[in-house]
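Q: Once you've had a glance at the structure underneath, I'll fire off some questions.
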Amino acid sequence: MTRVLLVEDEEQLVRALRINLRTRGYEVDTAPDGRTALDLAARHRPDVVVLDLGLPDMDGVEVIQGLRGWLNAPIIVLSARHASQEKVRALDTGADDYVTKPFGMDELLARLRAAVRRAAPAEQASAVVETAAFTIDLGAKRVTRAGQEIRLTPTEWNILEVLVRNTGALVGQRQLLQEVWGPAYDKETNYLRVYLAHLRRKLEPDPSRPRHLITEPGMGYRFEP
Numbered sequence: 000m001t002r003v004l005l006v007e008d009e010e011q012l013v014r015a016l017r018i019n020l021r022t023r024g025y026e027v028d029t030a031p032d033g034r035t036a037l038d039l040a041a042r043h044r045p046d047v048v049v050l051d052l053g054l055p056d057m058d059g060v061e062v063i064q065g066l067r068g069w070l071n072a073p074i075i076v077l078s079a080r081h082a083s084q085e086k087v088r089a090l091d092t093g094a095d096d097y098v099t100k101p102f103g104m105d106e107l108l109a110r111l112r113a114a115v116r117r118a119a120p121a122e123q124a125s126a127v128v129e130t131a132a133f134t135i136d137l138g139a140k141r142v143t144r145a146g147q148e149i150r151l152t153p154t155e156w157n158i159l160e161v162l163v164r165n166t167g168a169l170v171g172q173r174q175l176l177q178e179v180w181g182p183a184y185d186k187e188t189n190y191l192r193v194y195l196a197h198l199r200r201k202l203e204p205d206p207s208r209p210r211h212l213i214t215e216p217g218m219g220y221r222f223e224p
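In terms of this note's numbering, the sequence shown has 32 at position 33, counting the first letter as 1, and numbering is strictly consecutive.
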């Protein structure tokens, strides 16, 4: 059973989400503030986190920072903040998706299913791709450098996987957005800039001069081993 940590202080919304999630077979923990959320996450280790940014005791971005130090589960942000800079800030901190209030329940549930699906372990091993700097095991969904695992978030992994499975080929911005986030995100190119910057910092020997994760300006991205 997939465990969801719902971090939200609007009681009416919490009730609605809890009912809908439990009806669909999810196990749900709820937290009305950031400190409770961090405590519950440590004790019950959720498979996915649904997080409001406007919490009574701390900003939701601080919660993301606290979780991302040790938790790889996808984080879906809920927020009434519509500004693009707020979205980028949350994504840059480690969120995997951003849903703006008010939202449709069906849309949120679809986003949650997609996030869980992307984070699910591979059923069988596949190719191992080696570069001079790191090794990618597509089957195990692992990246290692000198025998040490490099921690990637589910979204970072999904972007890398799409690029690696198309090694040497240009993957267009729209294709990459649709494969990782879904059809509704084909214009959110700022997502790609944020996550490719994350991946380069983690994987490239010199992130300012990438050798493996190449940008084709205005077109897309390419992986070179």
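Note that CB positions come from ideal geometry on N, CA and C, so glycine has one too.
#1: Answer yes if the stretch 89-102 comes into contact with the stretch 59-79, meaning at least three C-beta pairs across the two stretches below 8 Å, and no otherwise.
#2: Could you tell me the boundaries of the alpha helix (DSSP H) in which ASP155 lies?
#3: Could you say which of GLU223, GLU9, ARG117 and HIS81 lies nearest to VAL47 if we only look at CA atoms?
#4: Just checking: is the beta-carbon of ARG42 within a distance shorter than 8 Å of some beta-carbon in chain B?
#5: Find the nearest neighbour of ALA89 within the set VAL115, LYS186 and LEU66, judged by alpha-carbon distance.
#6: Go ahead and label GLY24 buried or exposed: buried means 16 or more other beta carbons lie within 10 angstroms of its beta carbon, across all protein chains shown.
#7: Assuming GLU160 contacts LEU137 (C-beta within less than 8 Å), just tell me the rounded distance between them.
#8: Cα-Cα, which of ILE158, LEU107, ASP32 and ARG44 is closest to TYR231?
#9: Please report the straight-line C-alpha distance between GLU178 and LEU212, rounded to a whole angstrom.
#10: From what residue to what residue does the beta strand (DSSP E) around ILE74 run?
A: The structure says:
#1: yes
#2: The sequence given here places Glu at residue 155; Asp does not occur at that position. 153-163 is the extent of the alpha helix (DSSP H) around GLU155.
#3: ARG117
#4: Among the chains of the structure shown, chain B does not appear; only one protein chain is present.
#5: LEU66
#6: exposed
#7: 6 Å
#8: For residue 231 there is no data in the structure shown, the boundaries of the chain being 0 and 224.
#9: 17 Å
#10: 74-78
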